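**Student:** Here you go, one structure.
2 protein chains.
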Amino acid sequence: MAEGNERRYSGRSVQEWKDARRERLLDAGLALFGSEGYQGTSIERLCSTAKVSTRHFYQEFPNKEAVLLAVHEQGVQLGLGKALEALTTAEESIDVRLVDALRAYLHTIITDPRRGRIAFVEVVGVSPAAELRRREFREAIVAVIEEEGNAAVARGEMPPQDFRHLAIALVGAVNGVIYDWMFEDPRPPAEELEAALSTLALRIFGLA
Amino acid sequence: MAEGNERRYSGRSVQEWKDARRERLLDAGLALFGSEGYQGTSIERLCSTAKVSTRHFYQEFPNKEAVLLAVHEQGVQLGLGKALEALTTAEESIDVRLVDALRAYLHTIITDPRRGRIAFVEVVGVSPAAELRRREFREAIVAVIEEEGNAAVARGEMPPQDFRHLAIALVGAVNGVIYDWMFEDPRPPAEELEAALSTLALRIFGLA
DNA sequence: ACTGTGTGAAAACTCCGATTTTCGCTTGGA
DNA sequence: TCCAAGCGAAAATCGGAGTTTTCACACAGT
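So, in structure tokens, the structure goes:
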């Protein structure tokens with residue numbers, strides 16, 4: 001005992017096994033919360049589709065809500081990450097930057113609408129703690145938009161204004177339109193969505 | 001028997017008793033869902049604060065969800081009703097009409113933020129059926145805004161455009177900003193909110 | 001081979017809240 | 001006065017899901 005070295009089972013270390021289980025649970029969470037809904041999926045279901053025993057479930061997460069929040073965080077970071085990435089390459093013009101970032105964010109949901117369902121519906125009103133987290137995530141997104149606006153003002157591209165309200169409004173408007181789009185049958189092509197959201201973003205920022 | 005006349009208990013008819021109980025349940029629903037949240041309130045709690053026995057509860061509603069939806073519908077009709085009322089008196093100018101209706105709607109939530117919490121949070125993701133209802137309600141609001149835009153086009157006040165997207169965006173933006181306002185401490189005065197939302201509405205409609 | 005630890009599957013346990021039913025009391029009409 | 005209907009409160013039933021625990025097997029290291 002007192003050995004610092006790790007034992008390996010079937011090639012993988014204990015930690016790797018744990019990580020793989022957690023990964024599978026997150027995948028199952030995305031799949032089930034995104035199709036059956038949060039309320040509609042039991043821990044047991046989560047475990048069976050993830051091929052993880054309930055015993056190990058509780059080794060990774062304290063409860064179902066933690067899985068939901070982890071999946072949600074994944075989604076937010078994915079979308080925000082893509083948007084930030086787009087911003088690093090976009091030229092210094094507020095309208096271009098806004099539209100590019102928006103498009104990048106948008107594509108993460110178009111690619112996988114389950115993310116949209118989770119972020120817009122499943123995660124809402126789950127618990128006070130979850131609600132708090134949700135607002136924190138939204139705050140992060142709002143902050144990016146706000147900064148972008150302030151930077152544009154600093155570059156003299158637009159007059160100073162209250163970007164916080166505008167950022168919140170933009171998020172609400174965009175998510176609302178995307179959510180609506182998700183239910184259209186058949187779903188209009190992404191280009192249409194992009195176009196609608198682009199003019200929207202520009203208008204909200206007073207650029208059109 | 002076979003009497004078509006109704007018995008009266010302590011002055012009130014049986015139907016009046018029923019109605020009163022339903023009324024109290026709706027009030028309790030507004031109070032509890034709006035403070036403890038939907039998940040956080042049990043039927044028992046609902047009954048005790050409404051001074052209604054569980055036996056009578058099931059005489060009025062099939063389950064807790066039905067109460068939530070009824071309370072939500074109340075709220076939507078209240079807000080939409082006020083907005084429509086404002087529209088009947090507003091002059092024929094799209095910007096005035098939009099702002100007036102918005103202000104009327106806004107005040108129903110400022111007056112009672114519990115309505116906001118229920119509409120924006122508690123009612124979301126409760127069940128597939130509830131989600132459907134929610135979208136129907138939103139559709140009703142969107143339809144009003146859309147009509148308003150089309151009427152403005154007919155009056156030659158603005159160029160034709162896709163008002164559906166704009167209406168959805170407006171709803172999302174407005175609700176988002178209001179929800180954010182609800183958490184500010186202290187809450188900024190209503191005038192500020194009105195101002196922010198007014199410019200927002202005008203911008204989204206391309207009127208500013 | 002022998003012992004430790006880790007593993008998946010399943011059983012067992014608990015708990016809470018929804019739903020149903022009972023029961024004794026009050027009211028109004030015959 | 002007597003009965004049927006309605007009432008509030010509480011008990012009893014019920015079911016579902018979360019959580020904990022058990023168990024037999026597999027693998028790695030000595």
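Line by line, the protein sequences are chains A and B. For the first sequence, position 105 (counting from the first letter as 1) is numbered 105 according to the working numbering, and the numbering increases by one without interruption. For the second sequence, position 151 (counting from the first letter as 1) is numbered 151 according to the working numbering, and the numbering increases by one without interruption. Glycine included, C-beta positions come from ideal geometry on N, C-alpha and C. Quantities reported herein were computed from a predicted structural model and do not represent experimental measurements.
Are the C-beta of B:Arg115 and some C-beta of chain A separated by less than 8 Å?
**Tutor:** no
**Student:** Can you give me the C-alpha to C-alpha distance between A:Arg103 and B:Arg22, rounded to a whole angstrom?
**Tutor:** 48 Å
**Student:** How far does the alpha helix (DSSP H) with A:Pro113 in it reach, from first residue to last?
**Tutor:** 113–117
**Student:** Checking contacts by CB at 8 Å: is B:Val257 closer than that to chain A?
**Tutor:** Limits of chain B in this structure are 1 at one end and 208 at the other, which puts residue 257 of chain B out of reach.
**Student:** Give every residue of the same chain whose Cβ lies closer than 8 Å to the Cβ of A:Pro188, excluding the five residues on either side of it in the sequence, and list them in chain order.
**Tutor:** Trp181
**Student:** Buried or exposed for B:Ala83, please, with buried defined as at least 16 other CB atoms from any protein chain shown within 10 angstroms of its CB.
**Tutor:** buried
**Student:** Within the same chain, show all residues whose beta-carbon is closer than 6 Å to that of A:Glu3, passing over the 5 residues directly before and after it, in chain order.
**Tutor:** Reliability of the predicted coordinates at A:Glu3 is poor, the pLDDT of 38 falling under 50, and the value obtained from them is presented with this limitation in mind. Once the five neighbours on either side are set aside, A:Glu3 has no close Cβ partner at all.
**Student:** For chain A, check one thing: does any of its Cβ atoms lie closer than 8 Å to the Cβ of B:Val121?
**Tutor:** yes
**Student:** For A:Arg155, which of helix, strand or coil comes out of DSSP?
**Tutor:** coil
**Student:** For a contact defined as C-beta to C-beta under 9 Å, what are the partners of B:Asp185 on chain A?
**Tutor:** Near B:Asp185 there are no residues of chain A at all, since even the closest Cβ is about 13 Å away, more than 9 Å.
**Student:** Put A:Ser127 into one of helix, strand or coil per three-state DSSP.
**Tutor:** coil
**Student:** Do we get a CB-CB distance below 8 Å when we pair A:Ser127 with the residues of chain B?
**Tutor:** yes
**Student:** Using the beta-carbon count (16 or more within 10 Å), is A:Tyr58 buried or exposed?
**Tutor:** exposed
**Student:** Kindly indicate if chain A contains any beta-carbon less than 8 Å away from that of B:Ala196.
**Tutor:** Residue-level contact check: B:Ala196 touches chain A, since one or more beta carbons of chain A fall below 8 Å from its beta carbon.
**Student:** Taking only the alpha-carbon atoms, compute the straight-line gap between A:Gln77 and B:Ala190 and give it to the nearest angstrom.
**Tutor:** 34 Å
**Student:** Which first and last residues belong to the alpha helix (DSSP H) in which B:Thr89 is found?
**Tutor:** 64–89
**Student:** Check whether chain A comes within 8 Å of B:Glu148, counting only Cβ atoms and requiring the distance to be less than that.
**Tutor:** no
**Student:** Is DSSP giving A:Pro35 helix, strand or coil here?
**Tutor:** Here residue 35 of chain A turns out to be Ser, not Pro, going by the sequence shown. Collapsing the DSSP output to three states places A:Ser35 in coil.
**Student:** Going by C-alpha to C-alpha distance, which of A:Ala129, A:Ile141, A:Arg164, A:Thr54 sits closest to A:Asn150?
**Tutor:** A:Arg164
**Student:** Give the secondary structure of B:Arg187 by DSSP, where H, G and I count as helix, E and B as strand, and everything else as coil.
**Tutor:** coil
**Student:** Going along chain A, which residues have a C-beta under 7 Å from B:Tyr38?
**Tutor:** Gly125
**Student:** Name, going along the chain, the residues of the segment 82–95 of chain B whose beta-carbon falls closer than 7 Å to a beta-carbon of chain A.
**Tutor:** none
**Student:** Could you check whether the Cβ of A:Pro188 sits closer than 8 Å to any Cβ belonging to chain B?
**Tutor:** Not flagged as an interface residue toward chain B: A:Pro188, since no C-beta distance is shorter than 8 Å.
**Student:** Considering only the alpha carbon of each residue, which of B:Ile43, B:Ser93, B:Val174 lies closest to B:Arg155?
**Tutor:** Considering only B:Ile43, B:Ser93, B:Val174, the residue with the shortest C-alpha distance to B:Arg155 is B:Ser93.
**Student:** Between B:Glu136, B:Ala31, B:Asn63, B:Gln39, which has its C-alpha nearest B:Ala50's C-alpha?
**Tutor:** B:Ala31
**Student:** My guess is that A:Val171 and A:Arg135 are in contact by the Cβ rule of under 8 Å, so how many angstroms apart are they, rounded?
**Tutor:** No, A:Val171 and A:Arg135 are not in contact; Cβ-Cβ is about 11 Å, not under 8 Å.
**Student:** Measuring only between beta-carbons, confirm whether A:Arg45 sits less than 8 Å from chain B.
**Tutor:** no
**Student:** For B:Ser13, does the three-state DSSP call read helix, strand or coil?
**Tutor:** strand
**Student:** Since A:Arg8 sits in a beta bridge, which residues does DSSP pair it with?
**Tutor:** A:Ser13
**Student:** Considering only their Cβ atoms, is the gap separating B:Glu148 from B:Leu98 smaller than 8 Å?
**Tutor:** yes
**Student:** Which residues in chain B sit within 7 Å of A:Asn175, going by Cβ to Cβ distance?
**Tutor:** Gly172
**Student:** Check the C-beta distance from B:Ala86 over to B:Ala101 and give it rounded, since I have them as a contact under 8 Å.
**Tutor:** 5 Å
**Student:** Indicate the three-state DSSP secondary structure (helix, strand or coil) for B:Asp162 in the structure shown.
**Tutor:** coil
**Student:** Roughly how many angstroms lie between the CA atoms of A:Phe61 and A:Ala28, to the nearest whole one?
**Tutor:** 13 Å
**Student:** Taking Cβ-Cβ distances below 8 Å as the criterion, which residues of the segment 152–169 of chain B are in contact with chain A?
**Tutor:** Asp162, His165, Leu166, Ile168, Ala169
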